[in-house]
Every structure is written in structure tokens, then in C-alpha cells.
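Beneath this line is the structure, given in C-alpha cells, with notes to follow.
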Amino acid sequence: MNSRCAVTLLLGPTGVNKRQAADQLVLERAENGGAGRKIHFVDFERDHLRPRYDGELFKFLDESETHQRSVWREAWTECASSLPTSDAADVVVGLHGVFVRDFYGVRSLVDIPAVATLEPCQVITLIDDVYSMWHRTQARAEHAPYVGRPTIGQLIDARRSELLLGDLIAAHVPGRAPPHRLLAVKHPARTLERLLRLDAREIASVYISFPISAPRRSAEQGGPAAIAEVNSFLTAVAEADRAIPAAVTYNPLTVDELPLTSALPSQPVGETFDFAVNARWNVRDFWRDDRLLGEDPAEVIEADTQQVRDAAGAIRADIRVRDYRLVAQARAVLALNPVYEAKLASGVRNEISLAAYERQKPVHIFQDSVHDPEFIARKTFVGESGALGALPRGSYITFHDSADEAIAAAFRNASANNRDEVSE
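In our numbering, the protein residues as written are 704 to 1127.
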């Protein structure tokens, strides 16, 4: 870093409310960040780009690309020169890596070398459920369609592109590339506050892996205890997270989009259908009183039927890419019941395999024998004794006798592990 105070770049596509996330972050720092430094948040588009168009960004979006790039560079130069240079605050610069418009789709105007010269200590890309993003952009343009109404598919493209831009910016920072982390806004605000306040090597980052589809199917068939079992585990993880000052937990339920595709009418009965947002897994069941970076914008969203149909494949494909990335940026994995109702959960299996066998990250597992009377999990991940012993790199996997023991060990190993969090 240069003499400038620590700078974090906060990326996020349109429809993700970065301003709300920043407000929640400031409150979290003030109430629970101790006597730490204050947070100085800069909204690049609002503070430096919109004023050039009397506050109406749509005028900028409809300019020629050449003119857009020129204006963007002028605004960025102004922004960079106005940032505080003392050590009194953590500076967070929020900006869009890409813009979305019907007639050109997704376009990035970011001057990557110019942004990289800020030498940010980290890049964080905020994301949200695509239906929440879509609802916000639709509501914003309800009485003024020229403001912009990106489709669900375009918003997914924008979300993917923001991640790519974050990777490129981090790769161009002089010296060692800073970490680029993905963070969904339904995480607690303390997660982002700790990422800003702590040195990368202090952070005990843990990814939580557990079956989602199977418990959800059991609940739909009249077995609500299936969801309660997972929520009980996640509540215990949340309690540990709160109690450990350096803990950061990544939870895949902070983006939950398959309920949207499941709600699609089986027959084309209309141009729209009502999607009840409470069909998603309720993160408030385990983060009951925590301040979140963002909340659902509505209880019911009138979704565009054809747009959801068109985006269904991309929604499913993003699960794998997103969750693998979260595994990669954590230092340890904490897994619950990789075998559920005597069946190996393929998603949990893949996440454990990626962590232990490909990335050499410690994995801590609690497997309830009620779900796995034949010890399938141990045979799968550790192997059985024989001439060649256990599975290669099976030593990275530890089974525990209780959930509490697994939780404690995961955070302890994550804290002791000196590997850097990666930017992939």
C-alpha cells in the first residue's frame, strides 16, 4: 500500500443496493467494531458521475461508447484525487464494474489500470438473488422506463461480469494482487466489517457445506424437521461466528434462486406469475437478530414468465460457479451430513472434494449416523484401510462426534491456517 489509507473497492451490478449495504456497514462498525477506524464510503456513480448529468444517469447510459469512456475517466480522476489520505478511516469506493442497457447489453467502461493505481487492499463484489435485483430495477423504472429495465438474463450477465472485472482489477494492482472476494448481501454486516478491519491473515474464514435440496424436498413432503435440523446447525455456527472476533462465515443460502424456477407455471398461463419470496430459505431462521447487509425488497414479486424461463439454465449453472468460488476463498470447510437419508449429497460431495483434494484446505465434518448408518461418508472421503492406506489427501478431512466439536475445530483450523485467501 502507498501512504493513502486502506482502500476497498466495492463492486456490484445494478439492482444490488450497495448504498444500503454501506449504511449497514457503517452502523455495524459504530456499534460492534469497537474503537476501530471510521468508514468513509464513496459512491462513484452518485458522487462523481451522476452530477455531470444533473443526477440522471440514464442520459450517460445512452451516450456513445466513446463519449461514455471519456466522461468515466474524468469522473474517476476526480474521485481518486478526492479520497482522504490520512489513516483515520477505511475508505470504501463503491462502483459498477459494468452497466446494462437494452440496446448494448452489458458494457464495462472501467479504466482498469487507472482503478488499479489506487492500490486497493481488497476487492469485494456484492451480489444478491436475481429476482431481488430485477424487482429493484423494475420498481426504479416503473413510471420512467427510459431509466432502464434490464431483463433477468441481463442481470445474471451483469453479475457474472462484475466478478470478472473484479478479478481483472485485482490482477492489475501493482505488486501482489489483493484478494477479490464474493459476498452476498444477505450475509450479516459483521462479515463485511471484519473483512475491512482485519488483516487477511487474521481472518478465520469458513465455508459451510450442507444438503439443501434434500431437506427442502423432505419439508415439502410434510417433514418440517428436515429444515429445522439444518437451521439448528446454522444457528450454532452463527453463535460461534459472533463469538469469534476474527470469524468470517460464507453461507450458500445467501443466494437462493431455484425456488424462482420451481415456481414457474407448468403451462404458459400468463405473461407474469406471483413469486412469494418466502419460498426461499429464510436466513432469518438462523441470523435472527443480526444486521444484514441487505434485505428482500418485497414479499411477493410479479415475475416475468418468459424471462424466468429464458434464464432458468443460467440460474442453475451459477450455483456451481458461485459455491465453488466461496469454497476457494475460505480457509476451511465445515460440512453437515454429506450423506442425507442414506444418500450422498452430490453438492456437498463436490465441495468437500474441491476443498480437500484440489485446494488442500481442512474440512471438518459432522455426520449424523441416523442419516448414514452404513458409514458411506467416511468410506467416500477418507477411504478404508488397505495396502495403500487412506485416500490421497484424505488427511485434510476430519470427522467429529458432534456438531459443536466440528464447528469449533473448523474455526480453529481456519484461524491457524496461514494460506492466503485466493481470488479465484
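C-beta atoms are modelled at their ideal positions from N, C-alpha and C, and glycine is treated no differently.
Model, not experiment: these values are computed from the prediction.
- How about residue 868 and residue 837: are their beta carbons less than 8 angstroms apart? Locating residue 868 in the sequence shown gives position 165, counting from the first residue. Locating residue 837 in the sequence shown gives position 134, counting from the first residue. Not closer than 8 angstroms, so no.
- Item | residue 955 - DSSP class collapsed to helix/strand/coil | Numbered from its first residue, the sequence shown carries residue 955 at position 252. Residue 955: helix per DSSP, three-state reduction.
- Message: Applying the 10 Å Cβ sphere with the 16-neighbour rule, what's the burial state of residue 977?
- Response: Taking the first residue of the sequence shown as 1, we reach residue 977 at position 274. Flag for residue 977 reads exposed.
- Query: According to the neighbour-count rule (16 or more other Cβ atoms, all chains shown, within 10 Å of its Cβ), is residue 759 buried or exposed?
  - Reply: What you label residue 759 is simply residue 56 of the sequence shown in a count that begins at 1. Under this definition residue 759 is an exposed residue.
- Expressed to the nearest angstrom, what Euclidean distance is found between the alpha-carbon atoms of residue 803 and residue 1104? Mapped onto the sequence shown, residue 803 falls at position 100. Mapped onto the sequence shown, residue 1104 falls at position 401. So the alpha carbons of these two residues sit roughly 50 angstroms apart.
- Going by DSSP, what residues sit across from residue 829 in a beta bridge? Your numbering for residue 829 matches position 126 in the sequence shown. Note: residue 829 sits in a beta bridge opposite 886.
- Backbone CA spacing between residue 765 and residue 1019 [nearest angstrom]: The residue you call residue 765 lines up with position 62 of the sequence shown. The residue you call residue 1019 lines up with position 316 of the sequence shown. Spanning the two alpha carbons is a distance of roughly 32 angstroms.
- So, are the CB atoms of residue 1100 and residue 1079 less than 8 angstroms apart? Residue mapping note: residue 1100 aligns to position 397 of the sequence shown, counting from 1. Residue mapping note: residue 1079 aligns to position 376 of the sequence shown, counting from 1. Contact annotation: residue 1100 and residue 1079 have beta-carbon atoms that are not nearer than 8 angstroms.
- Query: Rounded to the nearest angstrom, how far is the Cβ of residue 940 from that of residue 952, given a contact under 8 angstroms?
  - Reply: As a first step, residue 940 is located in the sequence shown; it is residue number 237 there, counting from the start. As a first step, residue 952 is located in the sequence shown; it is residue number 249 there, counting from the start. The beta-carbon separation of residue 940 and residue 952, rounded to 6 angstroms, stays under the 8 angstroms limit for a contact.
- Message: Does residue 913 pass the burial test, meaning 16 or more other C-beta atoms within 10 Å, or should it be called exposed?
- Response: Translated into the one-based positions of the sequence shown, residue 913 becomes position 210. Its Cβ being crowded by 16 or more others within 10 Å, residue 913 is buried.
- Message: Quick test of your reading: residue 1038 and residue 1066, contact by CB under 8 angstroms. State the CB separation rounded to the nearest angstrom.
- Response: As a working note, residue 1038 is residue 335 in the sequence shown. As a working note, residue 1066 is residue 363 in the sequence shown. The C-beta distance from residue 1038 to residue 1066 rounds to 6 angstroms, short enough to fall under 8 angstroms.
- Query: If you draw a straight line from the alpha carbon of residue 745 to that of residue 1042, how long is it in whole angstroms?
  - Reply: On the sequence shown, position 42 is the one that residue 745 refers to. On the sequence shown, position 339 is the one that residue 1042 refers to. Rounded to the nearest whole angstrom, the C-alpha separation of residue 745 and residue 1042 is 46 angstroms.
- Task: Evaluate residue 1006 with the Cβ neighbour count: other Cβ atoms within 10 Å of its Cβ, from every protein chain shown; 16 or more gives buried, anything less gives exposed.
- Result: The residue given as residue 1006 occupies position 303 in the sequence shown. Flag for residue 1006 reads buried.
- Task: Would you give the residue range spanned by the alpha helix (DSSP H) that residue 649 belongs to?
- Result: Coverage of the chain is limited to positions 704 through 1127, which leaves residue 649 absent and any answer about it impossible.
- Query: DSSP state of residue 1078, grouped into three classes?
  - Reply: Here residue 1078 corresponds to residue number 375 of the sequence shown, with the count starting at 1. Coil, per DSSP.
- Task: Using only alpha-carbon positions, find the residue among 733, 1015, 1098 and 1072 that is nearest to residue 1056.
- Result: Sequence index remark: in the sequence shown, residue 1056 carries index 353 (1-based). Residue 1098 is the option with its Cα nearest to residue 1056.
- Item | the segment 984–993 contacting the segment 931–940, beta-carbon criterion three pairs below 8 angstroms | They touch, by the three-pair rule.
- Can you tell which of 709, 1071 and 1111 has its C-alpha closest to the C-alpha of residue 929? Translated into the one-based positions of the sequence shown, residue 929 becomes position 226. Here the closest residue by C-alpha is 1071.
- Message: As an exercise, report each continuous alpha helix (DSSP H) stretch of at least 4 residues that is fully enclosed by the segment 713–753, in chain order.
- Response: Taking only runs of at least 4 residues, the alpha helix (DSSP H) segments lying wholly in the segment 713–753 are 721–735.
- Query: Where do the ends of the alpha helix (DSSP H) carrying residue 818 lie?
  - Reply: Taking the first residue of the sequence shown as position 1, residue 818 is located at position 115. Residues 815–819.
- Cβ-Cβ distance between residue 792 and residue 741 below 8 angstroms: Position 89 of the sequence shown, counted from the first residue, corresponds to residue 792. Position 38 of the sequence shown, counted from the first residue, corresponds to residue 741. Result yes, Cβ atoms of residue 792 and residue 741 sit closer than 8 angstroms.
- If you pair each beta-carbon of the segment 837–848 with each one of the segment 777–790, do three or more pairs fall below 8 angstroms? The segment 837–848 is not in contact with the segment 777–790.
- Query: Exposed or buried, what is residue 864 when buried is set at 16 or more other beta-carbons lying within 10 Å of its beta-carbon?
  - Reply: Here residue 864 corresponds to residue number 161 of the sequence shown, with the count starting at 1. Buried, since its Cβ has 16 or more Cβ neighbours within 10 Å.
- Do residue 1047 and residue 1083 have their C-beta atoms within less than 8 angstroms of each other? For the purposes of this step, residue 1047 is identified with residue 344 of the sequence shown, where counting begins at 1. For the purposes of this step, residue 1083 is identified with residue 380 of the sequence shown, where counting begins at 1. Contact flag set, yes.
- Query: So what's residue 991 in DSSP terms, helix, strand or just coil?
  - Reply: Within the sequence shown, numbered from 1, the residue matching residue 991 stands at position 288. Three-state result, residue 991: coil.
- Task: Would you list the residues sitting across from residue 793 in a DSSP beta bridge?
- Result: Against the sequence shown, residue 793 aligns to sequence position 90. The partner list for residue 793 (beta bridge, DSSP) reads 742.
- Query: Between the C-alpha atoms of residue 799 and residue 1108, what's the straight-line distance to the nearest angstrom?
  - Reply: Along the sequence shown, read from residue 1 onward, the residue named residue 799 stands at position 96. Along the sequence shown, read from residue 1 onward, the residue named residue 1108 stands at position 405. Pairing residue 799 with residue 1108, the inter-Cα distance amounts to about 42 angstroms.
- Contact between the segment 718–728 and the segment 805–824: three or more CB pairs below 8 angstroms? These segments do not touch.
- Query: Which residues bound the alpha helix (DSSP H) around residue 764?
  - Reply: The sequence position of residue 764 within the sequence shown is 61, counting from 1. DSSP places residue 764 inside the alpha helix (DSSP H), whose first and last residues are 760–764.
- Report yes if the C-beta distance between residue 963 and residue 892 is below 8 angstroms; otherwise report no. Reading the sequence shown from its first residue, position 260 is the one you call residue 963. Reading the sequence shown from its first residue, position 189 is the one you call residue 892. Cβ atoms of residue 963 and residue 892: not closer than 8 angstroms.
- Query: In whole angstroms, what is the alpha-carbon distance linking residue 848 and residue 749?
  - Reply: Along the sequence shown, read from residue 1 onward, the residue named residue 848 stands at position 145. Along the sequence shown, read from residue 1 onward, the residue named residue 749 stands at position 46. Whole-angstrom Cα-Cα distance: 20 angstroms.
- Message: By the DSSP assignment, the beta strand (DSSP E) with residue 851 in it spans what residues?
- Response: Position 148 of the sequence shown, counting from 1, holds the residue named residue 851. Looking at the DSSP string, residue 851 is not in any beta strand (DSSP E), and its letter there is neither H nor E.
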